[in-house]
Structure formats: structure tokens, C-alpha cells
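Chemist:
Now the structure itself:
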């Protein structure tokens with residue numbers, strides 16, 4: 095096998111990521127110039143662009159996994175996560191944090207609706223963008239051929255564990271993420287997320303831990319009904335995240351109460 099053949103898939107994936115991030119950044123700059131940063135339309139487009147960036151890269155990560163394994167996926171997804179955090183302009187790309195803020199009165203319902211709508215639209219757009227990029231790159235990137243052909247066929251969910259364990263993982267995984275995120279440095283969060291997904295891919299199967307990414311990747315695939323899908327990939331992650339948020343916020347309040355008592359004494 096020649097060096098070119100060995101690294102062809104990596105080169106095509108690298109160019110794909112470059113196109114996505116370059117286009118996303120140019121789009122953000124256009125939005126920054128066209129609209130006031132405090133405006134509703136600016137918030138909507140920044141969130142939409144961020145979601146498209148995440149989801150399109152998640153699709154391409156499959157090329158890395160198939161050709162280079164989980165170790166390469168961990169490195170690539172960590173780098174991509176760091177870049178998104180640096181360039182994302184504060185986009186969430188995930189409904190969990192906005193839902194928590196709304197639940198605790200830190201975000202208005204109208205803003206939550208706006209963000210989730212932008213994420214849903216971004217997720218829908220990302221599938222079309224990805225398949226078009228794969229189709230146009232077929233003459234130059236043979237590694238995309240399998241993925242493009244698969245996109246034309248019905249998909250099937252793959253689980254390495256019993257279904258009940260998969261459901262539990264959605265709850266436990268988001269619980270762990272919400273618990274750990276505030277306790278580690280911001281630069282370490284992408285690596286932590288990549289580690290969780292590396293574990294999920296290796297030992298669990300088609301796990302989500304993010305309702306938007308899960309819906310973009312798996313909605314409509316054979317394996318579960320739409321009702322079970324919504325429960326597993328939407329409700330369960332939300333339960334896990336909000337449960338961790340409740341516990342975390344409860345413990346955070348206790349030192350404050352003790353401090354007040356000490357001052358009174």
C-alpha cells in the first residue's frame with residue numbers, strides 16, 4: 095500500500111473539515127456584519143451555523159473511524175471540539191444547557207425556542223450538506239464513496255449492548271458530562287467529550303448523548319419506533335442532564351448558607 099493510499103482518507107477528511115470550518119467562519123463574519131449581535135436574527139444564525147458545523151463534522155468522523163480506528167477518532171474529534179469552542183461565537187449546538195437555563199429561570203422561553211429551532215434546522219441542513227459534499231467529492235475522494243452509497247439506503251441502528259443498557263447510558267452519560275464539565279478546565283472539555291464518545295462507539299453502539307446530533311444521525315433508522323426514539327434520544331439525555339444540574343446546584347447553595355450562619359455568629 096502506497097503512502098498516498100494509506101493517507102488518502104485522512105487527506106479527504108481533512109479537506110472536508112477545512113471546507114466546513116472555513117465556510118462556517120465566513121458565514122459567521124457575514125452575520126456579524128449584517129446584524130447587531132444582540133438581535134434575535136443574529137442569535138438564530140450563529141446557533142444554526144454552529145449546529146451545522148458540529149453535525150456535518152460528526153458525519154465525516156465516520157471516515158476517520160472506519161479507516162483509522164477509535165484512537166484517531168479521539169484525536170480528531172478533540173481537535174474539532176477545541177476549534178468549535180474557539181470559533182463558535184458562543185453557539186451551544188446542543189439543547190441541554192439552554193434547557194437547564196430555562197428550567198432555572200435564567201433564560202426566557204422565547205430564547206430557548208429560538209435556539210432549539212435553529213438547532214433543529216441546522217441538523218436538517220447538515221445531512222443535505224454532507225451528502226452533497228460526499229457526492230461532489232467522489233471523483234477526488236474514493237473514501238467518500240461508501241458513505242455516499244450508504245446515505246442512499248435505509249439505515250439500521252446498531253447496539254452492542256441490550257437495549258435497556260443503551261437507554262440507561264443516555265441518562266448516565268449526560269449525567270456524567272453535566273457533573274464533570276464545571277469541574278475541569280475549558281480546554282479539557284473537548285477531550286473529555288471525545289473520550290465518552292470513543293467509549294460509546296467501542297462498547298455501546300449508536301449512542302447519542304445529544305438530542306440534535308442523535309436526531310441528525312439516527313432519526314428514521316430501523317431498529318426502534320419513533321416513540322422509543324424520542325424517549326431514548328431526547329427525554330433520557332434531558333433527564334440525565336437536569337438531574338445532574340439539580341444535584342450540582344443544590345450542593346452549590348449549601349456553602350452559601352453555611353457562610354451566612356458563620357457571619358451571623
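Numbering (the working numbering), first residue to last: 95 to 359. Each residue gets a CB set at the ideal place from its N, CA and C atoms; glycine is no exception. From a predicted model like this one, the values you see are computed outputs, not experimental measurements.
Take residue 207 as the anchor and find which of 188, 231, 287, 165 has the nearest alpha-carbon.
Modeler: On the chain shown, residue 207 is found 113 positions in, with the first residue counted as 1. Looking only at 188, 231, 287, 165, the smallest Cα-Cα distance to residue 207 is reached by 188.
Chemist: If I measure Cβ to Cβ from residue 342 and keep anything under 6 Å in the same chain, skipping five residues before and after, which residues do I get?
Modeler: Residue 342 sits at position 248 when you count from the first residue of the chain shown. By the criterion of a C-beta distance shorter than 6 Å, residue 342 is surrounded by no residue of its chain, once the five residues flanking it on both sides are discounted.
Chemist: How far does the alpha helix (DSSP H) with residue 321 in it reach, from first residue to last?
Modeler: Position 227 of the chain shown, counted from the start, is the residue given in the question as residue 321. Run containing residue 321: 320-324, per the alpha helix (DSSP H) assignment.
Chemist: Assuming residue 147 and residue 118 are in contact, meaning their beta carbons sit under 8 Å apart, how far apart are those beta carbons, in whole angstroms?
Modeler: Counting from one through the chain shown, the residue named residue 147 turns up at place 53. Counting from one through the chain shown, the residue named residue 118 turns up at place 24. Confirmed, Cβ separation roughly 5 Å.
Chemist: List the endpoints of the continuous alpha helix (DSSP H) containing residue 197.
Modeler: Here residue 197 refers to the residue found at position 103 when the chain shown is read from its first residue. That run of the alpha helix (DSSP H) goes 190-197.
Chemist: Please identify the residue among 244, 220, 172, 183 whose C-alpha is closest to the C-alpha of residue 124.
Modeler: Reading the chain shown from its first residue, position 30 is the one you call residue 124. Measuring from the Cα of residue 124, the nearest candidate turns out to be 183.
Chemist: Should residue 244 go down as buried or exposed, given a rule of 16 or more other Cβ atoms within 10 Å for buried?
Modeler: Looking up residue 244 in the chain shown gives position 150. By the 10 Å Cβ count, residue 244 comes out exposed.
Chemist: Within the stretch 108-154, note down every full beta strand (DSSP E) run reaching 3 residues or more, in order along the chain.
Modeler: DSSP runs (the beta strand (DSSP E)) wholly in the stretch 108-154: none.
Chemist: Quick one, which of 180, 263, 186 has its alpha-carbon nearest residue 149's?
Modeler: Within the chain shown, the letter at position 55 stands for residue 149. Selected option, being the one with the closest Cα: 186.
Chemist: In angstroms, rounded to a whole number, what distance separates the CA positions of residue 357 and residue 268?
Modeler: Along the chain shown, one-based indexing puts residue 357 at 263. Along the chain shown, one-based indexing puts residue 268 at 174. Legend: pLDDT at residue 357 = 49, less than 50; position of this residue unreliable, no value from coordinates given.
Chemist: When you compare only the Cα positions, how much space is there between residue 232 and residue 322?
Modeler: In the chain shown, the residue the question calls residue 232 occupies position 138. In the chain shown, the residue the question calls residue 322 occupies position 228. Their Cα atoms are separated by approximately 36 Å.
Chemist: With 8 Å set as the bound, which would you pick, yes or no: does the beta-carbon of residue 113 sit closer than that to a beta-carbon of chain C?
Modeler: No chain C appears in this structure, which consists of one protein chain only.
Chemist: At which residues does the alpha helix (DSSP H) containing residue 262 begin and terminate?
Modeler: Translated into the one-based positions of the chain shown, residue 262 becomes position 168. Note, residue 262: alpha helix (DSSP H), 257-274.
Chemist: Three or more beta-carbon pairs under 8 Å between the stretch 159-167 and the stretch 132-142, yes or no?
Modeler: no
Chemist: Taking the alpha helix (DSSP H) that residue 283 belongs to, which residues open and close that run?
Modeler: Translated into positions along the chain shown, residue 283 becomes position 189. Residues 283-293.
Chemist: Once you ignore the five residues that flank residue 310 on each side, which residues in its own chain have a CB closer than 7 Å to its CB?
Modeler: Looking up residue 310 in the chain shown gives position 216. Excluding residues within five positions, the ones whose Cβ falls inside 7 Å are 149, 217, 220, 221.
Chemist: Flag this pair as yes or no: are the beta carbons of residue 156 and residue 263 separated by less than 8 Å?
Modeler: For this step, residue 156 is matched to residue 62 along the chain shown. For this step, residue 263 is matched to residue 169 along the chain shown. Contact: no.
Chemist: Given residue 225, which residues of its chain have a CB within under 8 Å of its CB, disregarding the five upstream and five downstream residues?
Modeler: Position 131 of the chain shown holds residue 225. Closer than 8 Å at Cβ, skipping near neighbours: 242, 245.
Chemist: With which residues is residue 299 paired in a DSSP beta bridge?
Modeler: Residue mapping note: residue 299 aligns to position 205 of the chain shown, counting from 1. DSSP output for residue 299 lists 253 as bridge partner(s).
Chemist: From residue 176 to residue 190, what distance separates their C-alpha atoms?
Modeler: Working through the chain shown from its first residue, we reach residue 176 at position 82. Working through the chain shown from its first residue, we reach residue 190 at position 96. Cα to Cα, residue 176 sits roughly 19 Å from residue 190.
Chemist: So, at 8 Å on beta carbons, what are the nonlocal neighbours of residue 261 in its own chain, with the 5 sequence-adjacent residues on each side left out?
Modeler: Here residue 261 is taken as the residue at index 167 of the chain shown, counted from 1. Cβ within range, chain order: 325, 326, 330.
Chemist: Rounded to a whole number of angstroms, what is the C-alpha to C-alpha distance between residue 104 and residue 158?
Modeler: If you number the chain shown from 1, residue 104 lands on position 10. If you number the chain shown from 1, residue 158 lands on position 64. Near 7 Å, if we compare the C-alpha coordinates of residue 158 and residue 104.
Chemist: Within its chain, find whatever has a CB closer than 8 Å to the CB of residue 162; leave out the 5 residues flanking it on each side and keep chain order.
Modeler: Position 68 of the chain shown holds residue 162. Answer for residue 162: 103, 104, listed in chain order.
Chemist: If you count every other CB in all the chains shown that lies within 10 Å of the CB of residue 303, and 16 or more means buried, which is it?
Modeler: Translated into positions along the chain shown, residue 303 becomes position 209. By the neighbour-count rule (16 or more Cβ atoms within 10 Å), residue 303 is buried.
Chemist: What do you get for residue 252, buried or exposed, if any count of 16 or more other CB atoms within 10 angstroms of its CB means buried?
Modeler: Position 158 of the chain shown, counted from the start, is the residue given in the question as residue 252. Burial is judged here by how many other beta carbons sit within 10 angstroms of a residue's own beta carbon; residue 252 has fewer than 16 and is exposed.
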